[in-house]
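So the mapping is simple: our numbering equals the position in the sequence shown, first residue as 1, plus 32. This report refers to the structure that appears directly beneath it.
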Amino acid sequence: MTRVIAAGPGARKDRLAALDGLRFLAALSVVLFHFVGQTPGAMMVVWGRPYRSTFPELHGYFAFGRLGVDLFFLISGFVICMSAWGRTPRDFFISRVTRLYPMYWIAIVVSVCFVYFADSPFGHPNPRLLFANLTMLQTPLGVANLDPVYWTLWPELCFYLTFAVVVWKGLTHQRVVIFCGLWTVAAVLAPAAHIPLLTLIVNPTSAPYFIAGMAFHLMYRYRPTPLLWGIVAMSWLLALHFLLVPHGGRNNWATWSPWRGWLILLTTVFFLLVGAIALGWTRRIRWRGLTVAGTMTFPLYLLHDTIGMTVAHHYGDRVDPSVLVAVTVSALVVLAYLVHRFVERPIALAMRRSLNTAAFGLPAPTRRS
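Put into structure tokens, the structure is as follows:
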């Protein structure tokens, strides 16, 4: 996220500390949602008592933390487009594999340990579920996520897979715009086409955020144009449509039914914040602490649920819930930094070195004489 943009037309060389900070806030909102704002049934499982007796006033506010995932996707569209610019398909593949899999596998190991040895409320996974999750392909395999937060990884993978075609052809303003247009059309048609495979790959409810993020990056790299603003506006409208649709959309209205105005407002704020970064209004924000916070986002997101909910499950009836959440979240942030610094980064660097020296070609075998 903080890499320098490759040289090219309109390229800028400032680090996007504001984007890192925004990304950390998105992760933190999801973390607090799982502790304080989940559905009444989930809160009962985690805390062992109704949410009205644990967070009677805060629950309604932190329930909106689930929307932090949408902000993740919006930022991801911006960042992936930025980091892939000027790269070969090989470079893009290596960067994505080494970015996702090391921390993901670490999180699975930690989750399994907590599930089996700490009496977690998540239950014990069977070997098939574990093996499927190790591939990160559990969604198309029809297997449940080992940790519920893993659901966001499939839309990310589909984005990488489809965007790799554009990377293969070479990223240009025109090609990214065409990609945004084609994906928008596919996201609109997929639900009506009733083709499960198409819906699985296109991810209609998540697509508008990725698409808007890419358009915002084009504004940042080049300049805002009516066409790019049109893409963003269309993505904003579709994001709200899929968020507010009664059935099969982004939200399950049977378990959470807030005032629609708050959903519209928060989603709009997400778009405005990333738009401000795209327009260069935050370029003076260069605090290194935000960059460090950005590196902790993925570990924090992947580790917090199993660990945090297990702690809440065991100590929720013995410690004041607000104190327990404050201490546990603080500890999780520290843990995320330590895991990134001393475990994830060394593994990712070793994997990157190995992949950089590997031969990716498929040479034909020598013919028999």
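Don't be surprised by glycine CBs; every beta carbon is placed ideally from N, CA and C.
The DSSP-derived three-state label of residue 253 is helix. With respect to the C-alpha of residue 384, the residue from 76, 114, 124 and 346 having the closest C-alpha is 124.
For residue 66, the closest of 377, 304, 372 and 360 by C-alpha to C-alpha distance is 360. Counting every other CB atom within 10 Å of its CB across the protein chains shown gives residue 282 a total of 16 or more, marking it as buried. With contacts defined by Cβ atoms closer than 8 Å, residue 236 and residue 223 form a contacting pair.
In this structure, residue 336 lies near residue 364, with their beta-carbon atoms less than 8 Å apart. Between residue 255 and the set 307, 276 and 221, the nearest pair of CA atoms involves 307.
The segment 272-332 is shown to contain whole alpha helix (DSSP H) runs of 4 or more residues at 292-310, in chain order.
Contact between residue 275 and residue 299 holds: their C-beta atoms lie close to 6 Å from each other, under 8 Å.
Residue state for residue 388 is assigned as helix, using DSSP reduced to three classes. When 296, 177, 317 and 322 are compared, the shortest CA-CA separation from residue 272 is found for 296. Around the C-beta of residue 187, 16 or more other C-beta atoms lie within 10 Å, and the residue is accordingly described as buried.
Taking all protein chains shown into account, residue 329 has 16 or more neighbouring C-beta atoms within 10 Å of its C-beta and is therefore buried. Residue state for residue 150 is assigned as coil, using DSSP reduced to three classes. Take residue 59, set aside five residues on each side of it, and the residues of its chain with a beta-carbon closer than 6 Å to its own are 329, 332 and 333, in chain order. Within the model, the alpha-carbon separation for residue 88 versus residue 376 is close to 38 Å.
Excluding its 5 nearest sequence neighbours in each direction, residue 179 has C-beta neighbours in its own chain below 6 Å: 143, 337 and 338, listed in chain order. Residue environment analysis places residue 62 among the buried positions, since at least 16 neighbouring C-beta atoms fall within 10 angstroms of its C-beta. By a beta-carbon distance limit of 8 Å, residue 356 contacts residue 344. Their separation comes to about 7 Å.
In the three-state reduction of the DSSP assignment, residue 170 falls in the helix class, which pools H, G and I. The C-alpha of residue 358 is placed about 22 Å away from the C-alpha of residue 151.
DSSP places residue 205 inside the alpha helix (DSSP H), whose first and last residues are 205-225. When the five nearest sequence neighbours on each side are left out, the beta carbons in the same chain lying within less than 6 Å of the beta carbon of residue 238 are those of 105 and 187, in order along the chain. Contact between residue 191 and residue 112 holds, with the beta-carbon distance rounding to 7 Å and staying under 8 Å.
By a beta-carbon distance limit of 8 Å, residue 64 does not contact residue 92. Their separation comes to about 13 Å. Using a 10 angstroms sphere on the CB of residue 148, the tally of other CB atoms stays under 16, which defines it as exposed. Annotated three-state conformation of residue 400 is coil, per DSSP. Taking C-beta atoms as the reference points, residue 50 and residue 322 count as a pair closer than 8 Å.
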